[in-house]
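Asks: Going down the list, the sequences are from chains D and X. Position 131 of the first sequence, counting from 1, maps to 148 under this note's numbering, and the rest follow consecutively. Position 107 of the second sequence, counting from 1, maps to 124 under this note's numbering, and the rest follow consecutively. C-beta atoms are modelled at their ideal positions from N, C-alpha and C, and glycine is treated no differently. Since we're looking at a predicted model, the values are computed, not measured.
2 protein chains.
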Amino acid sequence: MINKLCVIGIGLIGGSLARALKEAEYVGHVIAVGRNVAHLERAVELGVADSFDTSIANAVADADVIIVAVPVGAMKAVFTELSGSVKPDAVITDVGSVKGNVVCDARTALDDRLSCFVPGHPIAGTEKSGVEASFAELYQGQRVILTPLEETSAIATQTITKMWHIAGADVQSLSVEHHDEVLAATSHLPHALAYTLVDTLAQMHEHREIFQFAAGGFKDFTRIASSDPQMWHDICLNNRDALLDMLNRFSNDINKLTKAIEDEDSEFILKLFKRAKTARDQNC
Amino acid sequence: MINKLCVIGIGLIGGSLARALKEAEYVGHVIAVGRNVAHLERAVELGVADSFDTSIANAVADADVIIVAVPVGAMKAVFTELSGSVKPDAVITDVGSVKGNVVCDARTALDDRLSCFVPGHPIAGTEKSGVEASFAELYQGQRVILTPLEETSAIATQTITKMWHIAGADVQSLSVEHHDEVLAATSHLPHALAYTLVDTLAQMHEHREIFQFAAGGFKDFTRIASSDPQMWHDICLNNRDALLDMLNRFSNDINKLTKAIEDEDSEFILKLFKRAKTARDQNC
């Protein structure tokens with residue numbers, strides 16, 4: 018049971034976690050923190066939070082668990098602001114899609130509170146954003162990756178693991194580096210491709226007509242291009258090296274397919290499509 | 018009302034059309050044609066067809082409407098086989114995802130029956146294939162593009178338009194060239210990207226683990242990579258020029274994004290993601 022939970026950045030991710038913990042009666046009080054008062058009021062109206070504050074220092078003062086759910090690029094400022102005000106036994110976690118840079122920021126900003134920090138990443142979400150889009154079942158059966166540091170205390174990791182279990186998630190540990198490589202492949206690269214594809218088409222002057230003939234396959238393929246641009250901008254720059262590695266691998270492979278289509282190399286094309294179909298059918 | 022409908026290649030697309038027309042009682046008898054007897058027997062068992070034949074010439078002899086629903090690369094042989102046996106007033110259509118090469122094949126193979134041929138393409142489908150995956154509602158509210166030729170008789174076009182209306186589809190006409198350009202953008206390029214992405218990941222030696230951390234966004238993004246490899250091989254080679262043009266446009270754009278990430282060019286990245294989100298939200 019968490020007596021007081023502080024959610025900094027109460028959107029889809031933080032809001033859905035608060036809802037799940039409330040529904041399970043695993044939390045006494047949820048305080049939401051942010052800069053936009055109308056947004057915070059809406060979180061209280063929706064019953065996602067019990068109260069709100071625009072001051073991080075005030076809000077975290079008596080919180081037992083603090084969730085930092087802001088875009089990755091805004092984490093450092095939040096860590097700096099909260100580090101002087103948290104209770105000694107409070108546990109801090111984040112939900113950032115990148116772990117390397119977030120951990121770097123935490124090392125700089127959290128200082129002697131680093132042992133209370135459990136870096137985390139729920140592998141869940143939709144293309145929607147904002148507290149209005151939050152729902153208690155978001156994490157049911159989904160994975161949460163924790164990347165505890167050498168300095169992270171065992172009890173802090175246990176607290177966050179238990180919290181995610183209560184929210185319905187399956188919790189796994191990875192190293193920071195491995196997390197960032199795996200997510201560059203399965204999430205950051207696909208987002209870069211989806212945004213680019215939609216933009217490529219939108220640049221063609223008859224694009225309204227083009228989109229008009231798009232079927233269900235296109236809609237599924239480009240759904241992630243409706244995701245929050247600022248959030249994904251932050252992710253791309255904060256997982257730069259791993260994402261560039263994946264972009265290079267992909268570009269190499271798409272160039273090979275392009276050449277095979279130019280050369281009408283049936284064998285190459287058919288083999289590639291068959292391998293891909295097998296991999297997807299087996300793994301998804 | 019169609020007295021006798023002949024479906025050559027009774028899979029997801031041909032099977033769903035037969036089901037829809039039967040449900041609407043718009044067809045008297047459906048005969049399925051193919052090479053695989055077990056598959057044809059299954060179509061009859063499922064009630065999708067009333068009878069079957071492995072000989073195209075026999076099956077088309079007294080058919081009023083003939084649907085050619087085989088992979089694009091197999092169309093020419095089918096046209097050649099049926100051209101000598103169709104009734105003078107029979108109407109022939111196809112469901113190929115590419116129209117340029119199919120029309121070329123029809124011009125060569127259908128000979129003096131060309132006026133009875135209405136090239137068509139239902140913009141519908143799922144990543145599944147085969148008659149087992151067919152369902153009567155597949156075309157409800159979906160688009161069907163017809164690309165009638167100069168030689169196509171008005172009555173043949175009317176017959177096929179009416180048939181698709183009965184199946185629940187919204188029918189539109191495009192020129193052959195325009196169809197192939199638009200579909201290269203919204204369908205053929207996304208398939209090439211999805212197959213390549215899955216294959217890029219599958220080549221990484223820890224790929225089982227990579228796929229394990231894939232979330233809903235990845236599953237949606239790669240769904241089309243579960244499509245039939247032979248069918249998509251045929252489409253890529255039969256719409257080669259338009260697809261190569263789109264692959265080049267996309268590669269240019271993904272290279273620009275890659276460079277912007279290398280250079281940490283925030284403005285470029287954010288603008289691109291915002292444009293893409295706006296285009297997708299407005300058009301899908």
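Please state whether DSSP places residue 299 of chain D in a helix, a strand or coil.
Replies: Taking the first residue of the first sequence as 1, we reach residue 299 of chain D at position 282. Three-state result, residue 299 of chain D: helix.
Asks: Taking residue 251 of chain D as the reference, which of D/219, D/132, D/113 has the closest Cα?
Replies: If you number the first sequence from 1, residue 251 of chain D lands on position 234. Considering only alpha carbons, the answer is D/113.
Asks: Could you tell me which chain D residues have their CB closer than 8 Å to the CB of residue 43 of chain X, listed as they occur along the chain?
Replies: For this step, residue 43 of chain X is matched to residue 26 along the second sequence. Per Cβ cutoff of 8 Å: no residues; residue 43 of chain X is ~24 Å from chain D at best.
Asks: Please list the partners that residue 92 of chain D has in chain X, where partner means a Cβ-to-Cβ separation under 7 Å.
Replies: Within the first sequence, the letter at position 75 stands for residue 92 of chain D. None at all; the shortest Cβ gap to chain X is about 16 Å.
Asks: What is the residue span of the beta strand (DSSP E) that residue 160 of chain D lies within?
Replies: Sequence index remark: in the first sequence, residue 160 of chain D carries index 143 (1-based). Counting along the chain, the beta strand (DSSP E) containing residue 160 of chain D begins and ends at 160-163.
Asks: Pick helix, strand or coil for residue 88 of chain D, following the three-state DSSP scheme.
Replies: If you number the first sequence from 1, residue 88 of chain D lands on position 71. Residue 88 of chain D falls in the coil class under three-state DSSP.
Asks: With the cut-off set at 7 Å, would you say residue 119 of chain D and residue 165 of chain D are in Cβ contact?
Replies: Residue mapping note: residue 119 of chain D aligns to position 102 of the first sequence, counting from 1. Residue mapping note: residue 165 of chain D aligns to position 148 of the first sequence, counting from 1. Not closer than 7 Å, so no.
Asks: Give me the Cα-Cα distance between residue 73 of chain D and residue 94 of chain D, rounded to the nearest whole angstrom.
Replies: Taking the first sequence and counting its residues from 1, one reaches residue 73 of chain D at position 56. Taking the first sequence and counting its residues from 1, one reaches residue 94 of chain D at position 77. Taking the straight line joining both Cα atoms gives about 10 Å.
Asks: In the DSSP assignment, the beta strand (DSSP E) including residue 190 of chain D goes from what residue to what residue?
Replies: Working through the first sequence from its first residue, we reach residue 190 of chain D at position 173. Counting along the chain, the beta strand (DSSP E) containing residue 190 of chain D begins and ends at 187-190.
Asks: Report yes or no: do three or more beta-carbon pairs, one from the segment 34-43 of chain X and one from the segment 147-165 of chain X, lie closer than 8 Å?
Replies: Taking 8 Å as the limit for Cβ pairs, the verdict is that the segment 147-165 of chain X does touch the segment 34-43 of chain X.
Asks: According to DSSP, residue 135 of chain X sits in a beta bridge with which residue or residues?
Replies: Translated into the one-based positions of the second sequence, residue 135 of chain X becomes position 118. DSSP, once it has assigned bridges, lists X/110 as partnering residue 135 of chain X.
Asks: Hey, residue 115 of chain X and residue 256 of chain X: beta-carbon distance below 7 Å or not?
Replies: As a first step, residue 115 of chain X must be located in the second sequence, where it is residue number 98. As a first step, residue 256 of chain X must be located in the second sequence, where it is residue number 239. In contact: residue 115 of chain X and residue 256 of chain X (Cβ atoms closer than 7 Å).
Asks: With distances taken Cα to Cα, identify the nearest neighbour of residue 262 of chain X among X/161, X/206, X/66, X/62.
Replies: Position 245 of the second sequence, counted from the first residue, corresponds to residue 262 of chain X. Taking only the C-alpha atoms, the option nearest residue 262 of chain X is X/206.
Asks: Give the interface partners of residue 212 of chain D over in chain X, defined as CB-CB distance under 7 Å, in chain order.
Replies: For the purposes of this step, residue 212 of chain D is taken as residue 195 along the first sequence, with counting starting at 1. Per Cβ cutoff of 7 Å: 289, 290, 293.
Asks: Can you list, in chain order, the residues of its chain with a C-beta nearer than 6 Å to that of residue 23 of chain X? Leave out the 5 residues immediately preceding and following it.
Replies: Taking the first residue of the second sequence as 1, we reach residue 23 of chain X at position 6. Excluding positions up to five away in sequence, the list reads 48, 76, 77, 80, 83.
Asks: For residue 215 of chain X, decide whether its Cβ has a neighbour in chain D, counting only Cβ atoms nearer than 7 Å.
Replies: Position 198 of the second sequence holds residue 215 of chain X. Yes, because at least one Cβ of chain D sits closer than 7 Å to the Cβ of residue 215 of chain X.
Asks: Between the C-alpha atoms of residue 41 of chain D and residue 273 of chain D, what's the straight-line distance to the nearest angstrom?
Replies: For the purposes of this step, residue 41 of chain D is identified with residue 24 of the first sequence, where counting begins at 1. For the purposes of this step, residue 273 of chain D is identified with residue 256 of the first sequence, where counting begins at 1. Their backbone Cα atoms lie some 51 Å apart in a straight line.
Asks: Quick check on residue 276 of chain D: buried or exposed, where buried means 16 or more other Cβ atoms within 10 Å of its Cβ?
Replies: Translated into the one-based positions of the first sequence, residue 276 of chain D becomes position 259. Counting Cβ neighbours within 10 Å, residue 276 of chain D comes out exposed, since fewer than 16 surround it.
Asks: Rank X/176, X/99, X/52, X/18 by C-alpha distance to the C-alpha of residue 26 of chain X and give the top, closest one.
Replies: As a working note, residue 26 of chain X is residue 9 in the second sequence. The residue with the shortest Cα to Cα distance from residue 26 of chain X is X/52.
Asks: Residues in its own chain within less than 7 Å of residue 70 of chain D by CB, not counting five upstream and five downstream?
Replies: Position 53 of the first sequence, counted from the start, is the residue given in the question as residue 70 of chain D. Answer for residue 70 of chain D: 48, 50, 76, listed in chain order.
Asks: To which residues does DSSP link residue 49 of chain D through a beta bridge?
Replies: Here residue 49 of chain D corresponds to residue number 32 of the first sequence, with the count starting at 1. DSSP output for residue 49 of chain D lists D/24, D/69 as bridge partner(s).
Asks: If we ignore side chains and look at the alpha-carbon of each, how far apart do residue 269 of chain D and residue 271 of chain X end up?
Replies: Looking up residue 269 of chain D in the first sequence gives position 252. Looking up residue 271 of chain X in the second sequence gives position 254. So the alpha carbons of these two residues sit roughly 12 Å apart.
Asks: Determine which residues of the segment 247-260 of chain D have a Cβ less than 8 Å from any Cβ of chain X, and write them out in chain order.
Replies: Cβ contacts with chain X come from 247, 249, 250, 253, 254, 257, 260.
Asks: Residue range of the alpha helix (DSSP H) that residue 43 of chain D falls in?
Replies: Here residue 43 of chain D refers to the residue found at position 26 when the first sequence is read from its first residue. That residue, residue 43 of chain D, is in no alpha helix (DSSP H); it is neither H nor E in DSSP.
Asks: Pull up the CB-CB distance for residue 157 of chain D and residue 185 of chain D, whole angstroms please, since I reckon it's below 8 Å.
Replies: For the purposes of this step, residue 157 of chain D is identified with residue 140 of the first sequence, where counting begins at 1. For the purposes of this step, residue 185 of chain D is identified with residue 168 of the first sequence, where counting begins at 1. Indeed they touch by this definition, with Cβ atoms about 4 Å apart.
Asks: For residue 64 of chain X, which residues in chain D fall below 7 Å Cβ to Cβ?
Replies: Taking the first residue of the second sequence as 1, we reach residue 64 of chain X at position 47. Simply none; closest approach about 25 Å.
Asks: Under 8 Å Cβ to Cβ from residue 29 of chain X, same chain only, skipping five residues before and after it: list those, please.
Replies: Indexing the second sequence from 1 puts residue 29 of chain X at position 12. Answer for residue 29 of chain X: 142, 143, 145, 146, 147, 148, 150, 151, 155, listed in chain order.
Asks: If I measure Cβ to Cβ from residue 92 of chain D and keep anything under 7 Å in the same chain, skipping five residues before and after, which residues do I get?
Replies: One-based indexing of the first sequence puts residue 92 of chain D at position 75. Within the same chain, residue 92 of chain D has close Cβ partners 85, 111, 113, 119, 122.
Asks: Nearest-angstrom Cα distance between residue 323 of chain X and residue 242 of chain D?
Replies: There is no way to answer for residue 323 of chain X, as the model of chain X reaches only from 18 to 301.
Asks: For residue 106 of chain D, tell me which candidate among D/54, D/230, D/174 has the shortest Cα-Cα distance.
Replies: Along the first sequence, one-based indexing puts residue 106 of chain D at 89. Looking at the Cα atoms, D/174 is the closest of the given residues.
Asks: What's the C-alpha gap between residue 259 of chain X and residue 197 of chain X?
Replies: The residue labelled residue 259 of chain X in the question sits at position 242 within the second sequence. The residue labelled residue 197 of chain X in the question sits at position 180 within the second sequence. Taking the straight line from one Cα to the other gives about 7 Å.
Asks: Any idea what DSSP makes of residue 115 of chain D, helix, strand or coil?
Replies: Counted from its first residue, the first sequence places residue 115 of chain D at position 98. It is coil, neither helix nor strand.
Asks: Got a sec: is the Cβ-Cβ distance from residue 164 of chain D to anything in chain X below 7 Å?
Replies: Translated into the one-based positions of the first sequence, residue 164 of chain D becomes position 147. No, because no Cβ of chain X sits closer than 7 Å to the Cβ of residue 164 of chain D.
Asks: Assuming residue 108 of chain D contacts residue 176 of chain D under a Cβ cut-off of 8 Å, what Cβ separation, rounded to an integer in Å, is found between them?
Replies: Taking the first residue of the first sequence as 1, we reach residue 108 of chain D at position 91. Taking the first residue of the first sequence as 1, we reach residue 176 of chain D at position 159. Confirmed, about 5 Å.
Asks: By the three-class DSSP mapping on this structure, what secondary structure does residue 82 of chain X have?
Replies: Taking the second sequence and counting its residues from 1, one reaches residue 82 of chain X at position 65. Reduced to three states, the DSSP call for residue 82 of chain X is strand.
Asks: Please compile the residues from chain D whose C-beta is within a distance smaller than 9 Å of the C-beta of residue 234 of chain X.
Replies: Along the second sequence, one-based indexing puts residue 234 of chain X at 217. Here the neighbours are 142, 143, 144, 203, 204, 207, 208, 211, 240, 241, 244.
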